[in-house]
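Trainee: Can you read through this structure? Questions will come right after.
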Amino acid sequence: MLGRRVIFGVLGLAVLGVLCLRPHWRLSVSPSTQRVFDTIAALDSGAVVMISFDHEAASLPEVGPLGEAIVNHCLRRGVAVIGLALFSEGTAVGYELLAHRATALGRREGIDWLYLGYRPQYTAAILGMGENIREVFATDYAGRPIDATPLGHRVHNYSDVALVVSIADGSMATYWVEYAGVRYHARIVAALSAVMVTSYIPYLEAGQLAGLVAGFRGAAEYEQLLEQPGAGSRGMAAQTVAHALVAVLVVIGNIEAWSLRRRRRTVAGNHG
Amino acid sequence: MTASAAGIFMAAQYFLNLPAAQSLYRTLLGWMQVIFACALLVGILAVIRSHVVRLIGRPRERFYSLVLLGAIVIMSIAGFSGGIERGSTFLWLFDHAQAPMQATVFSLLAFYITSAAYRGFRARSGESTVLIAAALIVTIGRVPLGEWISPYVPAAAQWIVDVPGLAAKRAILIGIGLGMVTTALKVIAGVERTYLGGR
Amino acid sequence: MTALLTLAIYSFLAGDNPVYKFAEHLLVGLSLGYSLVITVKSVLVPQAVSPLAQGDWPVLIPVILGGAMFLRFSPRLRGWSQIPLALVIGAGAGASIPAMLQARVLRQMGATISGSATLDGAVILVGVATTLSYFVFSREQTRLWGRGTLIGRYFMMVFFGATFAYTIMSRMALLIGRVEFLLGAWLGWL
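Protein chains in written order, with the working numbering: chain A, 1 to 272; chain B, 1001 to 1199; chain C, 2001 to 2190.
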């Protein structure tokens, strides 16, 4: 049986090696990623998208590329973005991502984008924004009244928002569906950590989510649609090798266990 | 009684269209943010208190408690004095220390999950065989390797997630939904009080 | 510095050690300090401090209630901290009832039944029904009911297998991200 440290070493070397080689492969785009892309592509220039950074810093390597791809797509299309966070760590992540991409694309704060900040009680925040966003966020992240900005002035609640995107590594996107979707009929898209995909598929299939894109694969597919390779695309080769390694180890482990069982039965049979 | 009154009101106002009810609803939502923020501060203070006790009372763990408390102080000074916007020391510390370390801690799981898959995934029964087969098909099907083997592999992986996987998760969701409603009703009725500390 | 802290965390793979413990405590401290700053500056200042400074006196009510939370530290007065807690929990419970019923129960049941005309839809209907039957513990799982629950268990095994695969995907992505940082941003190899 292989030792634990041997497995750690093999995995580490495999990932390291493939990243150094930097192969790039074209992927077939899944229907769910295509749907998210088409949903944003169909928005009118000047429409408002609300992006909620509902994840921790721990999942940044995975959901960060997703968030970047979606923010890029929105800003490049001329769609206005309002950012916020319902997770404490998502606050800094979302602010820096939005500010950085908006600056790079020449978008103006208060007109093309706005970052509201953080609210800890997600039920109250999601429900409150359905009534009036400024009752939940009277000021933006920097402490300026949102009514003083053209973008903040024209958005009152979800009926002024074309789409809500929840970038989540847990159940937060389901709360958007359950509170904003059920009561205020907001249109919700989930951009998720891969581990949550199976938990959200029922919402997608029931029509409660307008779209779902997840993990490195989702980010790589989205970057391919945008024709802007990023971290998702770069990581797919290493992801492929890592997955193959896990599959091989599971098979080897089962073969070892089966042959051990067989040997024990043979020994027991001989003694009996 | 507070929980009951708040709970009954919040459940009822979903169906009420009265201006007074709407106004009270919006006020209550605003109060919840301030109270919850104070609850977060209480949690932070509790950790600080426990490490101050360790600093004073336990010499062997003093160093690590000092590191923890020192980090809290540094981050707080950076945030309160230097601001929290782009270019601030606060965000620099978040980007260059906190976020990378958080991500690294969780990336350790990749090693342990690989080791666990090798050691623990054994097809000893019909159910475990089905579990392993589904895991292998989806593992391979969601990366380009699956497409190279056969176009049926990613299709099978998608079917597993979209049909039997969906069915089981949907049943679990329905069960959890009913359970959460029951628990909410018990909280409102005052039967469920463990959130108050078990009284 | 980032690379050194990353390697300090990875040293845990060789076993628990002082370098890892130092990094772990540093991380916890930074996280708590971060939460403290963000909670005060992004929430309490705009929601409580600024309105009070502008003479919005009704804000005193949630401020007093929030302040009562700190009475948890006093053995004699901790009972008062339960009032704001009960308010938040009770309100959250009440708000969740229509939301959960609609989103998790009715819409999901509706989607299951309305989609059952296709083969996949029929499989989903069977899967939902048999999996739900498994969780009826007040009934003995024998004979026809027992066969149904067995089928439900198999559906759950498929779900757990798929979830495990996606968990692998997720964790590997985190590892790849960190290794890419070490090779690229730190060593400049990429």
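C-beta atoms are modelled at their ideal positions from N, C-alpha and C, and glycine is treated no differently.
Does the beta-carbon of E62 of chain A have 16 or more other beta-carbons within 10 angstroms, so that it is buried, or is it exposed?
Mentor: Classification for E62 of chain A: buried.
Trainee: Using DSSP's beta-bridge definition, name the partner residues of S52 of chain A.
Mentor: A:L84, A:S166
Trainee: Name, going along the chain, the residues of the region 1132 to 1149 of chain B whose beta-carbon falls closer than 8 Å to a beta-carbon of chain A.
Mentor: I1132, A1135, L1136, T1139, I1140, R1142, V1143, P1144, L1145, E1147
Trainee: Quick one: is Q2082 of chain C near chain A, going by C-beta distance under 8 Å?
Mentor: no
Trainee: Is the shortest distance between the beta-carbon of T2118 of chain C and the beta-carbons of chain B less than 8 Å?
Mentor: no
Trainee: Does the beta-carbon distance from V1181 of chain B to I2097 of chain C come in below 8 Å?
Mentor: Yes, the pair counts as a contact, with Cβ atoms nearer than the cut-off.
Trainee: In this structure, how does DSSP classify W25 of chain A when only helix, strand and coil are distinguished?
Mentor: coil
Trainee: For G1175 of chain B, I'd like the list of residues in its chain whose CB is within less than 8 Å of its CB, leaving aside the five on either flank, ordered along the chain.
Mentor: none
Trainee: Cα-Cα, which of A:A247, A:V246, A:V81, A:G232 is closest to P23 of chain A?
Mentor: A:G232
Trainee: Ordered along the chain, which non-local residues of its own chain (more than five positions away) have a Cβ less than 6 Å from that of A138 of chain A?
Mentor: none
Trainee: Roughly how many whole angstroms lie between the Cα atoms of Y118 of chain A and M1 of chain A?
Mentor: 49 Å
Trainee: So, helix, strand or coil for A2003 of chain C, using DSSP?
Mentor: helix
Trainee: List the residues of chain A that Q2102 of chain C touches, going by C-beta distances under 7 Å, in chain order.
Mentor: V182
Trainee: Quick check on A92 of chain A: does DSSP put it in helix, strand or coil?
Mentor: Here A92 of chain A sits in helix by DSSP.
Trainee: Entirely within the region 2016 to 2081 of chain C and at least 4 residues each: give me those alpha helix (DSSP H) ranges in chain order.
Mentor: 2018 to 2038, 2050 to 2053, 2060 to 2068
Trainee: May I ask you to verify whether the region 2009 to 2027 of chain C touches the region 1008 to 1022 of chain B, counting CB pairs closer than 8 Å and requiring at least 3?
Mentor: no
Trainee: Using a Cβ cut-off of 9 Å, pull out every chain A residue sitting near V1161 of chain B, in sequence order please.
Mentor: V197, T198, I201
Trainee: From Y184 of chain A to T240 of chain A, what does the alpha carbon distance come to, in whole angstroms?
Mentor: Each residue's alpha carbon lies about 41 Å from the other.
Trainee: Alpha carbon to alpha carbon, how far is F1090 of chain B from L2005 of chain C? Give it in angstroms, no decimals.
Mentor: 17 Å
Trainee: Measuring alpha carbon to alpha carbon, tell me which of B:I1172, B:V1143, B:R1062 ends up nearest L203 of chain A.
Mentor: According to the sequence displayed, residue 203 of chain A carries Tyr and not Leu. Distances from the alpha-carbon of Y203 of chain A to those of B:I1172, B:V1143, B:R1062 put B:I1172 closest.
Trainee: In this structure, does DSSP put T139 of chain A in helix, strand or coil?
Mentor: strand
Trainee: DSSP on P145 of chain A, reduced to helix/strand/coil?
Mentor: strand
Trainee: Would you mind reading off the limits of the alpha helix (DSSP H) that contains I70 of chain A?
Mentor: 60 to 76
Trainee: Chain C beta carbons: is any one of them nearer than 8 Å to that of T1194 of chain B?
Mentor: no
Trainee: Enumerate in chain order the residues of its own chain whose CB-to-CB distance from A80 of chain A is below 6 Å, with the five nearest sequence positions on each side excluded.
Mentor: Answer for A80 of chain A: V48, D112, L151, listed in chain order.
Trainee: Which of the three DSSP states is assigned to L2013 of chain C in this structure?
Mentor: helix
Trainee: Check whether chain A comes within 8 Å of V2179 of chain C, counting only Cβ atoms and requiring the distance to be less than that.
Mentor: yes
Trainee: Please classify Q2054 of chain C as buried or exposed, where buried requires at least 16 other C-beta atoms within 10 Å of its C-beta.
Mentor: exposed
Trainee: Establish whether the CB of F8 of chain A and some CB of chain C are separated by less than 8 Å.
Mentor: yes
Trainee: Could you name the residues of the same chain whose beta carbon sits closer than 8 Å to that of V1052 of chain B, not counting the 5 residues immediately before and after it, in chain order?
Mentor: Closer than 8 Å at the Cβ level, and outside the excluded window around V1052 of chain B, lie S1065, L1069.
Trainee: Leaving out five residues on either side along the sequence, give the residues of the same chain with a beta carbon under 8 Å from the beta carbon of L27 of chain A.
Mentor: R217, A220, E221, Q224, M236
Trainee: State yes or no: is the C-beta of V1163 of chain B within less than 8 Å of the C-beta of D2056 of chain C?
Mentor: no
Trainee: Quick check: is the beta carbon of Q1033 of chain B nearer than 8 Å to any beta carbon in chain C?
Mentor: yes
Trainee: Measure the beta-carbon distance from A2068 of chain C to S2081 of chain C and round it to whole angstroms, keeping in mind my assumption that it falls under 8 Å.
Mentor: 6 Å
Trainee: Hey, G78 of chain A and G46 of chain A: beta-carbon distance below 8 Å or not?
Mentor: yes
Trainee: Cβ closer than 7 Å: which chain A residues qualify as neighbours of K1169 of chain B?
Mentor: T198, S199, I201, P202
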